[in-house]
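Just so it is clear: in the sequence shown, position 1 is 0 by numbering that gives the first Met the number 0, and no numbers are missing. Below is one structure, written out as structure tokens; the observations come after it.
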Amino acid sequence: MRSSDSIAARLADIRGRMDAAARRASRRADDVRLIAVSKMVSADAVREAAAAGHVAFGENRVQEAAAKLGALADLPLEWHLIGHLQSNKAKPAAAAFSWIDSVHSVELVTKLDAAAVQLGKRLDVLIQVDLAREATKYGVPETGLRAVVDAAMAASALDLRGLMVIPPIPGTAEASRPWFRRLRTLRDALVAEGRPARVLAELSMGMSDDFEVAIEEGATLVRVGTAIFGRRPAP
Ligand SMILES: *Cc1c(COP(=O)(O)O)cnc(C)c1O
0 MRSSDSIAAR LADIRGRMDA AARRASRRAD DVRLIAVSKM VSADAVREAA AAGHVAFGEN
60 RVQEAAAKLG ALADLPLEWH LIGHLQSNKA KPAAAAFSWI DSVHSVELVT KLDAAAVQLG
120 KRLDVLIQVD LAREATKYGV PETGLRAVVD AAMAASALDL RGLMVIPPIP GTAEASRPWF
180 RRLRTLRDAL VAEGRPARVL AELSMGMSDD FEVAIEEGAT LVRVGTAIFG RRPAP
């Protein structure tokens with residue numbers, strides 16, 4: 000592998016692009032964090048990213064992640080579950096992850112909270128919003144969002160941190176912009192209704208192809224996989 004192709008070099012390149020996007024939007028670079036999406040990526044590659052100083056990683060399947068997290072348990076990493084979570088996997092998810100970024104129902108809030116209480120830990124959570132109302136996309140529709148937000152705020156072992164969105168498969172980064180803007184507007188509305196800004200401070204939006212646009216629109220967490228670890232094999 001040429002050094003310009005190393006994971007460390009790609010991380011540095013993305014960090015530079017993130018900082019430039021933040022500057023364009025008159026935002027502080029420190030206000031945007033990178034989640035390196037390591038699904039289908041080996042534990043060794045994660046170790047390489049960690050050696051380059053990277054801390055936050057995202058996985059989309061509880062079972063795949065559990066094995067990998069076990070192999071990396073010696074490292075002080077911050078693991079985010081970013082993929083769809085079924086309520087019956089709430090317990091193993093709560094055990095393995097420190098952030099659950101794809102909370103989508105009151106039922107799941109209840110199950111995660113019970114699991115966290117039992118484990119004696121606290122969980123940071125984001126609520127995934129399905130803005131496009133597509134049959135294939137997960138997340139809570141806007142009509143059900145307030146009930147999930149308020150349930151998460153009332154939960155005893157969950158710390159609500161914000162919202163997450165995956166736009167419909169975009170043709171270009173610009174095609175994602177209206178969805179990113181809509182998530183921010185929705186968050187602002189939830190705060191204007193009286194909820195503390197602190198519990199809705201995070202907006203997780205933007206992936207390899209559109210993270211710069213997401214930052215221009217207010218993302219505080221971007222989830223980047225391919226641009227760091229290379230193309231994944233087809234599932
Ligand atoms: C895979 C995945 C990503 C990363 O996508 P890339 O295009 O590889 O950057 C981000 N978010 C979610 C929810 C994912 O499943």
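Just so you know, even glycine gets a beta-carbon here, dropped at the ideal spot from N, CA and C. Bear in mind that the values here come from a model prediction, so they are computed numbers and not experimental data.
CB of residue i within 8 Å of CB of residue j, strictly
i: Gly224; j: Lys67; result: no
i: Trp78; j: Ala64; result: yes
i: His53; j: Leu10; result: yes
i: Ser175; j: Val212; result: yes
i: Arg160; j: Asp123; result: yes
i: Glu216; j: Arg186; result: no
i: Ala24; j: Ala51; result: no
i: Asp100; j: Leu125; result: yes
i: Ala89; j: Ala55; result: no
Pairwise C-alpha distance: residue j and residue i
i: Asp208; j: Gln62; result: 27 Å
i: Ile214; j: Ala72; result: 31 Å
i: Ala218; j: Lys120; result: 27 Å
i: Gln104; j: Gly138; result: Strictly speaking, residue 104 in this sequence is Ser, with Gln absent from that position. Approximately 8 Å between the Cα atoms of the pair.
i: Leu84; j: Ala146; result: 18 Å
i: Met0; j: Met152; result: At Met0 the pLDDT is 47, less than 50, meaning the model places this residue with poor confidence and gives no usable figure here.
i: Gly82; j: Pro232; result: 17 Å
i: Glu58; j: Trp98; result: 11 Å
i: Gly193; j: Ile168; result: 33 Å
i: Glu133; j: Glu106; result: 21 Å
i: Glu173; j: Gln117; result: 44 Å
i: Ala21; j: Asn87; result: 39 Å
i: Gly143; j: Arg26; result: 31 Å
i: Asp129; j: Pro166; result: 8 Å
i: Phe96; j: Leu76; result: 10 Å
Anticipated Cβ contact below 8 Å, residue i with residue j, distance rounded
i: Leu111; j: Leu162; result: Not really, about 16 Å apart at Cβ, beyond 8 Å.
i: Val36; j: Arg222; result: 5 Å
i: Ala44; j: Leu74; result: About 13 Å separates the two Cβ atoms, so there is no contact after all.
i: Arg46; j: Leu33; result: So it is not a contact: roughly 17 Å between Cβ atoms.
i: Val40; j: Phe228; result: 5 Å
i: Ala70; j: Ala42; result: 4 Å
Which residues DSSP lists as bridging residue i, in chain order
i: His79; result: Gly57 and Trp98
i: Leu74; result: None, per the DSSP bridge assignment.
Checklist entry - What is the chain-ordered set of residues for which the beta carbon lies under 5 Å from any non-hydrogen atom of ligand 1? => result Val36, Asn59, Ile81, Met206, Ser207, Arg222, Val223, Gly224 and Thr225
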